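Respectively, the protein sequence lines represent chains U and H. Residue numbers for the first sequence, in the numbering used here: 2 to 117. Residue numbers for the second sequence, in the numbering used here: 2 to 117.
2 protein chains.
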Amino acid sequence: MPNENKTSLESSRAQMRKGLLEYCILLVISRKKVYASDIISSLRTADLLVVEGTMYPLLSRLKNDGLLDYHWQESKSGPPRKYYELTGQGKAMLKQLDLTWEMLQSSINALRTAKA
Amino acid sequence: MPNENKTSLESSRAQMRKGLLEYCILLVISRKKVYASDIISSLRTADLLVVEGTMYPLLSRLKNDGLLDYHWQESKSGPPRKYYELTGQGKAMLKQLDLTWEMLQSSINALRTAKA
DNA sequence: CCCACTACCTTGCATAAAAAGGTAGTATGT
DNA sequence: ACATACTACCTTTTTATGCAAGGTAGTGGG
Chain U
2 MPNENKTSLE SSRAQMRKGL LEYCILLVIS RKKVYASDII SSLRTADLLV
52 VEGTMYPLLS RLKNDGLLDY HWQESKSGPP RKYYELTGQG KAMLKQLDLT
102 WEMLQSSINA LRTAKA
Chain H
2 MPNENKTSLE SSRAQMRKGL LEYCILLVIS RKKVYASDII SSLRTADLLV
52 VEGTMYPLLS RLKNDGLLDY HWQESKSGPP RKYYELTGQG KAMLKQLDLT
102 WEMLQSSINA LRTAKA
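Shown next, in the form of structure tokens:
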């Protein structure tokens, strides 16, 4: 079996993205009010693939944790949408995750350069 | 409940680290031959907490995927150790993950600066 | 009035990390 | 030479979570 590697690589990549998903969602929402499909396409643009079955439960969880809030808004075409925004807690959380992200980056980049 | 946030934050942080674990382990092994405890303490230094129950199964999986190989080596004090090193496939994989990491960094940093 | 489209949500499955528990070889102190 | 402590390896069980798939409902066009 020459290339069982491909599977392994893809799953590792997926894992890397997965871990950062929640952070990215908060980032996208922090920029402006958005609804689920907006978030999905923003993340797609950033090469972070997400599907509905992932997004909706995650948004609900963040809402229940008090990090997000939403309000319904009519659409010009189609059913009404849930527009999300960050709560105060959500903003505080995002700040913490920003710090975590910066630390992670420097930790890992340190490991990488130590290699060479 | 004022600070249910802490839990949520810790779990988000853990998730971020988790996703990058496999990549970090390969990075550490690529630098020199190491055994499990070496890897754990290297990662601890880099603020990436890992426990044995996570490390051993993961090393086995990477070995089974053909990314790692090991050989036994006596210790001056205590039982013999399994020293791991990257296989050719492992090195190729690491290169790919390096690319993935770079892309991820720029994607996320793009999202972040777009915020400001 | 029906069909297509969009948006929301839920259920069941697979994966994987973490917690906890277990085995065994080596050294140390008496 | 025996008991204790320590180190290293490994396995089992629990829990979390992303994803695939399936399901409901409101809106507008033909």
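Heads up, the beta-carbon is just placed ideally off N, CA and C, and yes, glycines get one too. Keep in mind it's a predicted model, so treat the numbers as computed, not measured.
For a contact defined as C-beta to C-beta under 8 Å, what are the partners of Gly20 (chain U) on chain H?
Gln16, Met17, Arg18, Lys19, Gly20, Leu21
If you draw a straight line from the C-alpha of Gln97 (chain H) to the C-alpha of Thr88 (chain U), how long is it?
38 Å
Let me know the secondary structure DSSP gives Val51 (chain U) once reduced to three states.
coil
Taking a Cβ distance cut-off of 8 Å, strictly less, list which residues of the stretch 90 to 115 of chain U are near chain H, in chain order.
Gln90, Ala93, Met94, Gln97, Leu98, Asp99, Thr101, Trp102, Met104, Leu105, Gln106, Ser108, Ile109, Ala111, Leu112, Arg113, Ala115
Entirely enclosed alpha helix (DSSP H) segments - the stretch 39 to 109 of chain H, minimum 4 residues:
53 to 65
Quick check: what's the CA-CA separation for Gly91 (chain H) versus Lys64 (chain H)?
9 Å
Starting from the C-beta of Glu53 (chain H), find all residues in its chain whose C-beta is less than 8 Å away, skip the five residues before and the five after it, and write them out in chain order.
Ala37, Ile41
Selection from H:Arg18, H:Lys83, H:Asp66 that minimises the alpha carbon distance to Thr8 (chain U):
H:Asp66
Pick from H:Leu21, H:Glu103, H:Glu11: whose alpha carbon is nearest that of Leu59 (chain H)?
H:Leu21
Report, in whole angstroms, the separation of the C-beta atoms of Arg14 (chain U) and Thr101 (chain H), which I expect to be a contact under 8 Å.
5 Å
Under 9 Å, Cβ to Cβ, is there at least one residue of chain H near Arg32 (chain U)?
yes
Could you check if Pro3 (chain H) is buried or exposed, using at least 16 other CB atoms within 10 Å of its CB as the buried criterion?
With a pLDDT of only 37 at Pro3 (chain H), under 50, the local geometry of the prediction cannot be trusted, and the value read off the model is given with reservation. It is exposed - the Cβ of Pro3 (chain H) has fewer than 16 other Cβ atoms within 10 Å.
Pull up the distance between the alpha-carbon of His72 (chain U) and that of Leu50 (chain H), whole angstroms please.
39 Å
Note down the Cα distance separating Glu5 (chain H) from Glu75 (chain H), rounded to an integer number of angstroms.
Summary for Glu5 (chain H): the model assigns pLDDT 49, below 50, so the residue's position carries little reliability; its value from the coordinates is reported in the next sentence. Each residue's Cα considered, the two are about 48 Å apart.
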